[in-house]
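Only one structure is covered here, and it is reproduced in the block below.
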Amino acid sequence: MPISLYNSLTRRTGTFAPRDPQRVTMYVCGPTVYHYVHIGNARGPVVFDVLASLLRRHYPQLVYARNITDVDDKINHAAKHLHCDISAITERYTAAYQEDMAGLGIAPPDIEPRATAHIGQIITMIESLIASGHAYVAEGHVLFEVSTYAAYGALSGRDTEELIAGARVEVAPYKKNPGDFVLWKPSTPDLPGWDSPWGVGRPGWHIECSAMCEAHLGDTIDIHAGGVDLQFPHHENEIAQSTCAHGGKPFAHWWLHNGMLTFDGRKMSKSLGNVLNVHELLRQHPPEALRLMLLRGHYRQPLDWSDGAITQAVSTLDGWYRVLRDLADVELPEGTLPVPANIEAALCDDLNTPQALAELSQLADAARQAGADTRREAKAALIGGGALLGLLQQDPEVWFKNAGATAVDAAHVESLLEERRNARAARDFKRADAIRDELTALGIVIEDGAQGTRWSVTKG
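In structure tokens, the structure reads:
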């Protein structure tokens, strides 16, 4: 079935058609690595991880790039504060970002370019913009002249004057126009810098993505994605400089933007003190529950984070994994499990993850009620459907015995359960109840059933 996506550039939903089905290209703006990323920064990577999985089903030769911004004034400030080289900051938080994304079940991109490894390409692109009259040198800076690109503002749907009035633009005497943006800026001896035709300096943020995209995916790509907060000025500026550097060729045919995450209805911000780091959340909650929560709303809409929402995500996964645990004795067919048509149809409809999750819930209900002759098919459908969303791929016992990053001494739990079984066999129910209370205090929930006693860890 065809994949339908909403294109922020045309403001219409249409059938996705790549330029070359044998090499589909997608670029997603990655993090600036100066600190741990917050949960809002993880929504895009999770959503576009699902998109990448969907695209690979239709176009196996997808090339997916997600960059690392490892030179930026925020990084410089952090390095100064800690009295260290910027590489100490960027290496630490790049590794932390990769670890956190893996924790959320996000597959690594095919390419993860770093800005500092592309200084030569950045300089070359800037030189071409100067040569074609789209950029100029002023007081050691190189700036893109917005007035030379007539289509500036097409992505945001606003004219240039309105964009400039509504944006935080640096007022500097060396600019021809207030909206002109920096491609290269000079560095003092205490800042990182590279030799260039305009002196020792460093690149502006926007040109980094354009150069990395060109280097790895080409002049024109199929899909460019990121958070809606990047639409202006970052993505608008990327379009302008890339299009002008490539003689008017389109930069990206499809633009996808995910909505922002709020906290109890309020925007996440450091000033409000409601920023939740992924690194800490992975220690507090089951990672799969965090992923589920980030998928429960349509990617283009705002999504609200709350304690109740994460509790509900845990409860939902408990129910689904309980079904799979009850089907533990059912052997699955060999090879890759098929994806149920209804789940694929939902995701092909502009990545409608809420509908896909509703379909997954129905599959869980069907598997719960399956008779002996349909249990195998029902289990395969539930796990196969979950795979496309990055869910339900754990062994159920692992899910129930692992509360996030909390360490559980399984051997100690099993020894207590064995002691409880012996106490019940000896009709010492007082001791058996005391052991149950001891397990409850440890955060262990036990269930007595026909298949024996099962235990799980309280999550939250």
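Using our numbering, read the sequence shown as starting at 1 and increasing by one per residue.
A virtual CB, placed ideally from N, CA and C, is assigned to each residue, including glycine.
Using three-state DSSP, classify D222 as helix, strand or coil. DSSP places D222 in the strand class (E or B) of the three-state scheme.
Straight-line gap, L417 to G265 (C-alpha atoms, nearest Å): Rounded to whole angstroms, L417 to G265 spans 44 Å at the Cα level.
Runs of alpha helix (DSSP H) lying entirely within the segment 204-286, each at least 4 residues, in chain order: Assignment of alpha helix (DSSP H) within the segment 204-286, counting only whole runs of 4 or more residues, yields 205-217, 236-245, 278-284 in chain order.
Three-state secondary structure (DSSP) of F16: Residue state for F16 is assigned as coil, using DSSP reduced to three classes.
Suppose the cutoff is 6 Å on Cβ atoms and the five residues either side in sequence are ignored; what does the same chain contact list for G30 look like? Here the set comprises R66, N67, I68.
Within the continuous beta strand (DSSP E) that includes P186, where are the two ends? Taken as a continuous stretch (DSSP letters only), the beta strand (DSSP E) holding P186 covers 181-186.
Taking its Cβ as the centre, do 16 or more other Cβ atoms sit within 10 Å of R12, making it buried, or is it exposed? So R12 counts as exposed.
Under the rule that 16 or more other beta-carbon atoms within 10 Å means buried, what is K267, buried or exposed? Flag for K267 reads exposed.
Assumed close pair V487, P192 - CB separation to whole angstroms, cut-off 8 Å: This structure cannot speak to residue 487, because the chain is shown only from 1 to 460.
Since G199 and G140 should fall inside the 8 Å C-beta cutoff, what is the C-beta to C-beta distance between them, to a whole number of angstroms? At roughly 5 Å, the Cβ-Cβ gap stays under 8 Å, so G199 and G140 are in contact.
Could you round the C-beta distance between G153 and E236 to whole angstroms and report it? I think they count as a contact, below 8 Å. Rounded, the Cβ-Cβ distance is 7 Å, consistent with contact.
Between which two residues does the alpha helix (DSSP H) carrying V47 extend? Where V47 is concerned, the enclosing alpha helix (DSSP H) stretches over 39-58.
Throw me the rounded Cβ distance for the A107 and D49 pair, which I believe falls under 8 Å. Confirmed, Cβ separation roughly 6 Å.
State the Cα-Cα distance for the pair P2 and V47, rounded to the nearest angstrom. Taking the straight line joining both Cα atoms gives about 19 Å.
Using three-state DSSP, classify R375 as helix, strand or coil. Of the three classes helix, strand and coil, the one that applies to R375 here is helix, per DSSP.
Top-ranked residue by Cα proximity to Q394, from R421, A411, D318: Q394 has its Cα closest to that of D318, out of R421, A411, D318.
Proximity winner among G103, T116, H81, I111, relative to E91 (alpha-carbon distances): If we check each option's Cα against that of E91, T116 comes out closest.
Cβ atoms of P396 and L324: under 7 Å apart, would you say? A contact, by the Cβ cut-off of 7 Å.
Determine, using beta carbons only, whether A252 and W320 come nearer to each other than 7 Å. For the 7 Å CB-CB criterion, A252 and W320 do not form a contact.
In chain order, what residues of the same chain have a beta carbon less than 6 Å from the beta carbon of S210, not counting five sequence neighbours either side? The answer, listed in chain order, is E238, Q241, S242.
Y152 beta carbon near the ligand GTP (any heavy atom closer than 6 Å): With respect to the ligand GTP, the structure offers nothing, as it holds no ligand at all.
What's the C-alpha gap between R158 and H234? Taking the CA atoms as reference points, R158 sits about 15 Å from H234.
So what does DSSP say about Y34, is it helix, strand or coil? For Y34, the secondary structure class from DSSP, reduced to helix, strand or coil, is coil.
Need the endpoints of the alpha helix (DSSP H) that R92 sits in, please. Counting along the chain, R92 sits inside the alpha helix (DSSP H) bounded by residues 86-103.
Three-state class that DSSP yields for S415 in the structure shown: Reduced to three states, the DSSP call for S415 is helix.
In DSSP terms, what N7 is bridged to: In DSSP, N7 forms a bridge with R12.
Own chain partners of L82 with C-beta closer than 8 Å, once the 5 adjacent residues on each side are dropped: Result list for L82: A88, I89, in chain order.
By the 10 Å Cβ neighbour count, where 16 or more other Cβ atoms means buried, how is A17 classified, buried or exposed? It counts as exposed.
Determine which residues share a DSSP beta bridge with R66 and list them. In DSSP, R66 forms a bridge with V28.
Does I106 come out as helix, strand or coil in the three-state DSSP assignment? Here DSSP, grouped into helix, strand and coil, assigns I106 to coil.
Starting from H141 and walking both ways along the beta strand (DSSP E), at which residues does that stretch end? Its beta strand (DSSP E) spans residues 141-144.
Whose C-beta lies closer than 6 Å to the C-beta of A245 among residues of the same chain, with five residues either side of it excluded? So the qualifying residues of the chain are M125, S128, L129.
Check whether V146 and W184 have beta carbons under 7 Å apart: Cβ atoms of V146 and W184: not closer than 7 Å.
Here's the rule I'm using: 16 or more other beta-carbon atoms within 10 Å means buried, otherwise exposed. How should D448 be labelled? Around the beta carbon of D448, fewer than 16 other beta carbons lie within 10 angstroms, which makes this residue exposed.
Are the Cβ atoms of T374 and D222 separated by less than 7 Å? No, these two residues do not count as a Cβ contact at 7 Å.
Status (buried if at least 16 other CB within 10 Å, exposed otherwise) for T316: So T316 ends up on the buried side.
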